[in-house]
Structures are given as structure tokens and as C-alpha cells.
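Here my numbering runs 57 ahead of the position in the sequence shown, where the first position is 1.
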Amino acid sequence: MVKRTSTGAAAPGSLELWLHAAYELLLESGVEAVRIMPLAKRLRLSRTSFYWFFHDRESLLAALLERWRTKNTGNLIRQAASYAETLPEAVLNVFDCWFDDRLFDSRLEFAVRSWAQQSSVVAGEVIAADADRLRALTSMFVRFHCGRLEADVRARTVYLTQLGYISQKAPEAQAVRMRRIGKYIEIFAGVAAEPRELDRFFARQGYRPRRGAAMSAAAA
Numbered sequence: 058m059v060k061r062t063s064t065g066a067a068a069p070g071s072l073e074l075w076l077h078a079a080y081e082l083l084l085e086s087g088v089e090a091v092r093i094m095p096l097a098k099r100l101r102l103s104r105t106s107f108y109w110f111f112h113d114r115e116s117l118l119a120a121l122l123e124r125w126r127t128k129n130t131g132n133l134i135r136q137a138a139s140y141a142e143t144l145p146e147a148v149l150n151v152f153d154c155w156f157d158d159r160l161f162d163s164r165l166e167f168a169v170r171s172w173a174q175q176s177s178v179v180a181g182e183v184i185a186a187d188a189d190r191l192r193a194l195t196s197m198f199v200r201f202h203c204g205r206l207e208a209d210v211r212a213r214t215v216y217l218t219q220l221g222y223i224s225q226k227a228p229e230a231q232a233v234r235m236r237r238i239g240k241y242i243e244i245f246a247g248v249a250a251e252p253r254e255l256d257r258f259f260a261r262q263g264y265r266p267r268r269g270a271a272m273s274a275a276a277a
């Protein structure tokens, strides 16, 4: 339903309303679909109301990129730096990003990386984000006494594996992927996670493994 002002004129919506509609179009059809008229029709608002919030289409696209930077890169860096008593626990903190859309939006990541194939500016943003994320992950491993080269390789293994999931849009049932978590941790960290560490991770994701699953991920 179209909002109305007190004078009866169509209200312009809100900045977040326009931005969310642009986000949905980006995910559905790519950056070329993110244009003012299709957005106005989608929101049943006037084209001119767009300019209450954005100077032009480029400023809208810049806002989408900022949302991606803040959510995906910002949260991944924070998770990598968050408190952990052991290296497996630290890696599980990062894994929260892969399972919680509130921390890391995989669909937006895919859309931005597709957009980067059409824009050298966005490609540069992606390269910078990859460097920042890998630096944070490397620092996480160094914090737990890995040598610099080992930390770099482990960071790349964690990160590039997840990018593979994103680029392939690989479908995987939650239970299947959760059963693999223990082995992923063992491979990425070089040491197995304690059952209590896996249990805390599963609880954060709202997953209840079968009895003994947290202790033996090799069952996958």
C-alpha cells in the first residue's frame, strides 16, 4: 500500500525501503536490474520520491556496496578477532558467519562478486575486501602461535573453501554440513575441537545433533 502524506500526496517511503528493494533486485537479477524506475514500480512510489534519499543511481549502488562492506567484511573481521580460548573455538567463531545471515550474507556476497565482473571499481573493492578478510584470519591463527606462513595458508584454506561454497551455490542440508564441522575444524586448525566447543557452536546455530555426533564428526 502506498503511504500518503497529510496533504494526500504520495510519501517517499524511506531510505531503508529503497535500499532494501535495490538489494532484492541485485540478488534476483544482478546490478543491471537495479534502476530507479523498476524500483519505483516495485515499491509503488513515484520516481521523484527516490531523490528524497539518493542523489542518483550511483549513490544507491554505493550504498549497496557499503552495506556489503559493513556486514560481510566488518562482521568477518570481528568474528576472527573475538575471544576464544583455543584455536578450534576461534575457527568456530568465524564459522558463525557461514551459518548466520545476520553476520554474513552469502547471497549478497555472490551478487557483489558477479557485479565485480562488470565493474573495475567493484572488482577493486572485492580485492581489497579479500585482503582485509585474509589479514584478519591470518592474525587469528598467529594469535594461537602459528608461524606466519602456516597462518597464511590456514587462513586461505578457511576462506577460499567458503568462497567455493558461495560461488557454486552448493546446496547442502544443515544436518549434513553440521556433521562435517568437526572434521573441517580438525583440518583447518590442525587440532580437533573439544565436544563442548562443538556443542556451543551447534547451540548458537539452533542445531541439535544426535547423541555422540558432536564427539565424532567423522560419522559424516
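Every residue gets a Cβ at the ideal spot worked out from N, C-alpha and C, and that includes glycine.
For residue 226, the secondary structure class from DSSP, reduced to helix, strand or coil, is coil.
The Cβ atoms of residue 137 and residue 151 sit closer than 8 Å to each other.
In this structure, the alpha-carbon of residue 265 lies about 7 Å from that of residue 259.
Using a Cβ distance threshold of 8 Å, residue 94 and residue 147 do not count as a contacting pair.
Every alpha helix (DSSP H) of 4 residues or more that sits fully in the region 88-176 is shown, in chain order, as 93-100, 114-125, 131-138, 144-156 and 163-173.
Look at the beta carbons and you see the region 160-180 touching the region 85-92: at least three pairs across the two are nearer than 8 Å. If the five residues before and after residue 165 are omitted, its C-beta is found closer than 6 Å to the C-beta atoms of 125, all from its own chain and listed in chain order. Non-local beta-carbon contacts of residue 153 in its own chain, meaning distances under 7 Å to residues more than five positions away in sequence, involve 136, 160 and 261 in chain order.
Inter-residue distance for residue 215 and residue 235 is about 16 Å (C-alpha atoms, whole angstroms).
A Cβ-Cβ contact shorter than 8 Å links residue 83 with residue 168.
The straight-line gap separating the alpha-carbon atoms of residue 92 and residue 77 is approximately 13 Å.
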